[in-house]
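Just so you know, the numbering used here puts 201 at position 98 of the sequence shown, and the rest follows in order with no gaps.
Structure first, then comments.
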Amino acid sequence: MLKLQPTKMTLALAAAFSVSAAQAADNAPEAPNTPPTTQGQTHVTADHMDGQMQDKLKASGDVVVIRDNQTLEADWLDYYQQQNRVKAGNHFRLTRDKDVVTGTTLDYWMDEHTGSAQQPSFQMGNPDTNNKPGGAKRSLAKSGVAFRGDGSEAQFTGPDQYRLINSRVNSCVVGDDSWYLKSSTLDLNYATNIGVARNARLEFQGVPILYTPWIDFPLDGSRKSGLLTPTFRSGTTGFDIALPYYWNIAPNFDATFTPHINLKRGTMLAGEFRYLEPDYEGSIYTEQLRNDKLTHTNRYAWYATHKQTLLPGLTFGYDYNYVSDVNYFNDFGDRTLQATNVNLKREAWVKYSTGWQGGNVDTMLRTQRYQTLEDPVIAADQPYARLPQITLVANQKLPDGLSFNLQGDLTRFSHPTLQTGDRFVAYPSVTWNVLSKSWGFLRPKFGVNYTKYDLNPLGSNTTPGSTITRTLPIFSTDSGLYFERDTQFSSSDYVETLEPRLFYVYIPAKDQSMIPNFDSSENDFNFAQLFSENRFSSWDRINAANQLTAALTSRLISSETGRERLRVMLGQRYYFKNEDTSLYGNQITLQNNSKGLLGSLGGDLDQAWRLDSTYEYNQDLAKTQRYSMQVRYNPAPGKTVSLRYRYGRYEQIGDTTQYGPLRQIDLGVQWPIVRQWYAVARENYSLIDNKPLEHLLGVEYNDGCWTARVVLKRDSTLATTISSATKSTGVFFQLELRGLGSLGSSPASDLKLAIPGYSNISDTRPN
């Protein structure tokens with residue numbers, strides 16, 4: 104074996120000579136069969152070699168050349184020592200770092216990493232190949248995405264740079280030719296992580312499905328300006344094609360422009376601009392459709408959000424939403440996050456937070472109003488505007504376990520038809536931490552809520568407005584204990600807990616029927632509300648209370664994983680007086696000395712099964728108020744079945760303003776049916792209306808190299824004050840090509856919301 108070291112050749116070896124490989128082996132010790140450890144050395148092995156030192160070497164038979172992070176294997180080789188140039192054939196294999204190129208003939212300069220190869224087959228960013236000494240680690244290889252393909256010629260244009268002629272590439276395993284990106288020329292520059300294809304077409308199962316004269320794309324998944332893959336959907340609003348263009352303005356600025364071509368309605372242009380700085384961030388989004396073919400009106404939507412730190416502790420922000428008409432979300436709602444909102448919020452605020460004598464002070468000034476999507480004639484359900492609102496929350500630690508808290512609110516309420524005016528609230532309180540240990544706590548609290556209303560004349564009434572004040576003392580005591588013990592169940596170690604809790608509240612009864620209700624509503628009766636002083640939100644209504652809440656929680660927690668295997672909760676509220684306040688402000692008499700027994704049972708029963716259930720018993724009616732139970736079986740990604748039943752005597756119906764009885768069954772499924780095929784389905788059925796509220800049915804196919812989804816979704820809405828009952832149908836199709844992108848309209852967000860435990864099968868191995 105002859106070893107050439109042109110950069111460190113001794114004078115004796117520099118003399119011209121010709122020697123056969125057999126003679127060299129007889130007169131020199133055999134070098135170890137390992138790559139050189141010094142940069143710039145070239146190591147050549149072959150069955151037969153002869154040539155002229157400092158000139159040209161000919162080798163044949165299992166030729167191997169190693170230089171730095173490059174390895175060349177070939178049937179024969181011509182090596183030009185002065186140029187460090189190799190010519191190889193009849194078959195060769197060149198490995199550069201994580202890239203492997205094979206072909207018929209090769210002409211290559213090893214120092215410059217340049218040259219050309221004929222009839223190449225290649226694999227770029229092979230995740231199974233270890234880095235060679237001196238090789239650069241590229242993010243593409245780290246991501247595990249390996250592009251492979253072939254062509255008529257491969258040109259090496261520098262380290263980690265290629266130009267492929269008449270090539271086809273994909274990211275599939277060898278033998279899987281499901282899809283290819285074919286192009287006249289394809290430039291792959293891993294130094295800049297940018298690929299550029301010219302005269303390119305995408306073929307799936309041998310059928311061309313997309314053509315472009317020019318396209319560039321990132322090789323490492325990073326952001327890159329250019330056309331994104333088109334999306335399309337079909338439904339009751341028409342067939343829609345979207346052609347998004349992404350503009351990577353800067354690392355912290357980007358924009359997306361998306362024309363939508365809708366066969367029924369016309370062409371809509373959507374745009375989004377996002378920005379991010381150390382002190383501020385935000386986005387602006389809009390949709391514009393001039394002269395809707397169906398309504399013959401201009402349709403549009405605006406959404407903007409901003410948040411900024413002006414000074415330490417001082418922040419500013421706004422949130423703005425606006426649509427052109429009441430039915431906008433019915434027609435285009437799938438493209439916005441606010442599709443289910445009846446009231447679109449618009450607000451701007453300034454907040455200031457600071458430490459103060461061992462405590463904290465938080466203040467806020469904001470203006471807020473809403474766009475209500477309903478018949479303009481019916482305005483009673485429109486929320487009040489706050490023009491403006493000032494809030495204050497301050498807390499201060501005091502000696503001997505005491506702490507002081509102050510909540511303040513000053514708001515001017517505006518409304519087109521209802522009572523308007525100003526409201527001032529001051530609620531100071533003192534809490535005494537009598538006991539604060541790991542095994543228990545005891546915290547009595549006393550405060551006084553003072554509220555003042557300066558009301559304007561209502562409507563055409565010319566009489567002066569009125570002033571109303573309300574002062575209510577509030578006393579509460581919160582206490583709890585925590586017990587735990589080690590236990591075993593089914594040969595596994597667990598921690599079992601017992602957590603009793605008592606919460607007492609006293610608030611004297613006071614008639615509030617003359618006080619307007621600007622923004623109070625009754626909170627749901629649940630475990631969180633059990634331990635609150637007031638069952639109403641905001642400040643306009645404060646309930647009368649002389650009551651004690653008792654609750655008991657027990658948990659079974661795995662000592663090994665910390666997972667909550669079982670949780671049991673019981674809670675009930677007891678009244679010592681039967682006085683209370685209604686949402687309308689008048690005093691009412693309670694029929695029982697206790698209210699609503701609450702229960703909850705749930706936990707991860709094992710690795711696959713999960714149970715969640717809640718129950719509420721109404722003692723006034725001696726009937727069940729509401730309950731729900733959900734059982735989910737999720738043994739592995741791509742396998743989930745969820746069944747939920749909901750019952751309520753008087754519940755909000757969906758996202759509407761209507762209330763009524765509720766009985767619904769909700770079934771969600773994702774499950775493999777045959778090899779590589781998955782079924783997805785959701786059925787949400789109303790037993791009250793005897794009709795489905797939502798159908799979702801589809802199939803998914805995971806080839807490993809590509810994933811396809813077809814999903815049919817149909818929604819039904821109930822009649823409301825906004826519109827009559829409607830049905831909408833949509834068909835989603837998506838083709839996802841691993842390492843390249845996706846075509847079609849993704850149903851992923853709908854599937855995740857509809858099917859608890861849903862997982863993207865593209866991230867799992869084919870079953």
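For glycine and all other residues, C-beta sits at the position ideal for the given N, C-alpha and C.
(message) Can you tell me whether glycine 247 is buried or exposed? The criterion is at least 16 other CB atoms within 10 Å of its CB, across all chains shown.
(response) Any reading at glycine 247 must be qualified, since the residue scores a pLDDT of 38, below 50, and its modelled position is unreliable; the value itself is stated next. By the 10 Å Cβ count, glycine 247 comes out exposed.
(message) Among Arg778, Trp774, Val834 and Pro775, whose alpha-carbon lies nearest the alpha-carbon of histidine 798?
(response) Val834
(message) By the three-class DSSP mapping on this structure, what secondary structure does isoleucine 312 have?
(response) strand
(request) Would you identify the three-state DSSP class for serine 474, choosing helix, strand or coil? (result) Checking the sequence, you will find glutamine at residue 474 rather than serine. Strand.
(request) Check whether the Cβ of histidine 146 lies closer than 7 angstroms to any heavy atom of the ligand GDP, and answer yes or no. (result) Of ligands this structure carries none, so the ligand GDP is not represented either.
(message) What would DSSP say about lysine 327, mapped onto helix, strand or coil?
(response) coil
(message) Taking the straight line between their C-alpha atoms, what separation do you get for isoleucine 169 and serine 219?
(response) 18 angstroms
(request) Give the straight-line distance between the Cα atoms of serine 789 and arginine 729, rounded to the nearest whole angstrom. (result) Cα atoms of serine 789 and arginine 729: separation of roughly 15 angstroms, rounded to the nearest angstrom.
(request) Take the Cβ of tryptophan 542 as the centre, count every other Cβ of all protein chains shown within 10 Å, and call the residue buried at 16 or more, exposed below. (result) exposed
(message) For tryptophan 780 and arginine 449, I'd like the C-alpha separation in whole angstroms.
(response) 45 angstroms
(request) Would you list, in sequence order, the uninterrupted beta strand (DSSP E) runs of no fewer than 3 residues that lie entirely inside the segment 379-459? (result) For the segment 379-459, whole beta strand (DSSP E) runs of length 3 or above, ordered along the chain, are 383-392, 402-414, 417-426 and 446-459.
(request) Might you give, ordered along the chain, the residues of its own chain that have their beta carbon closer than 7 angstroms to the beta carbon of isoleucine 776, omitting 5 neighbours on each side? (result) Ala782
(request) Kindly confirm or deny that the segment 586-597 and the segment 628-638 touch, where touching means at least three C-beta pairs closer than 8 angstroms. (result) Output reads no: the segment 628-638 does not touch the segment 586-597.
(request) Report the rounded CA-to-CA distance for glutamine 185 versus alanine 177, giving the unit in angstroms. (result) 21 angstroms
(request) Using beta-carbon positions only, say whether isoleucine 691 and serine 697 come within less than 8 angstroms of one another. (result) no
(message) Going by C-alpha to C-alpha distance, which of Ser582, Ile618, Asp622 and Pro611 sits closest to proline 603?
(response) Ser582
(request) Enumerate in chain order the residues of its own chain whose CB-to-CB distance from threonine 574 is below 6 angstroms, with the five nearest sequence positions on each side excluded. (result) Tyr553
(request) Please check the pair serine 579 and tyrosine 556, which I expect to be a contact at CB under 8 angstroms, by giving their CB distance rounded to whole angstroms. (result) Serine 579 to tyrosine 556, Cβ: 25 angstroms. No contact.
(message) According to DSSP, simplified to helix, strand and coil, what is serine 623?
(response) coil
(message) Does glycine 630 come out as helix, strand or coil in the three-state DSSP assignment?
(response) Sequence inspection shows phenylalanine at residue 630; the glycine mentioned does not correspond to that position. Looking at phenylalanine 630 - three-state DSSP - the assignment turns out to be helix.
(message) Here's a check: name, in chain order, each residue in its chain whose Cβ is nearer than 6 angstroms to the Cβ of serine 506, leaving out the five neighbours to either side.
(response) Lys500 and Thr534
(request) Could you say if the segment 707-720 and the segment 661-671 meet the contact criterion of at least three C-beta pairs nearer than 8 angstroms? (result) yes
(request) Keeping to the same chain, check which residues put their C-beta closer than 8 angstroms to that of serine 852; ignore five residues upstream and five downstream. (result) Closer than 8 angstroms at Cβ, skipping near neighbours: no residue.
(request) Return the first residue and the last residue of the alpha helix (DSSP H) that leucine 856 is part of. (result) 851-857 is the span of the alpha helix (DSSP H), which, as asked, contains leucine 856.
(request) Quick one: measure Cβ to Cβ for phenylalanine 259 and threonine 288, integer angstroms, because I've assumed they're closer than 8 angstroms. (result) Phenylalanine 259 to threonine 288, Cβ: 14 angstroms. No contact.
(request) Take the Cβ of phenylalanine 195 as the centre, count every other Cβ of all protein chains shown within 10 Å, and call the residue buried at 16 or more, exposed below. (result) buried
(message) Which of the three DSSP states is assigned to aspartate 866 in this structure?
(response) Here aspartate 866 sits in helix by DSSP.
(message) Buried or exposed for glycine 261, going by 16 or more other Cβ atoms inside 10 Å?
(response) exposed
(message) Closest to serine 337 by C-alpha separation, out of Trp212, Leu854 and Val813, would be which residue?
(response) Val813
(request) Determine, using beta-carbon pairs with one atom in the segment 323-333 and one in the segment 346-364, whether at least three such pairs fall under 8 angstroms. (result) yes
(request) Have a look at methionine 716 and aspartate 627 and give me their C-alpha separation to the nearest angstrom. (result) A small correction: the amino acid at residue 716 is serine; methionine does not occupy that position in the sequence shown. Answer to the nearest angstrom: the Cα atoms are 16 angstroms apart.
(message) Tell me the rounded alpha-carbon separation between arginine 747 and glutamine 733.
(response) 4 angstroms
(request) Within the same chain, show all residues whose beta-carbon is closer than 6 angstroms to that of arginine 861, passing over the 5 residues directly before and after it, in chain order. (result) Going by the sequence as given, residue 861 is tyrosine instead of arginine. Only Gln773, Leu854 and Lys855 meet the Cβ criterion.
(message) If you measure between the beta carbons of aspartate 806 and serine 274, is that distance less than 8 angstroms?
(response) no
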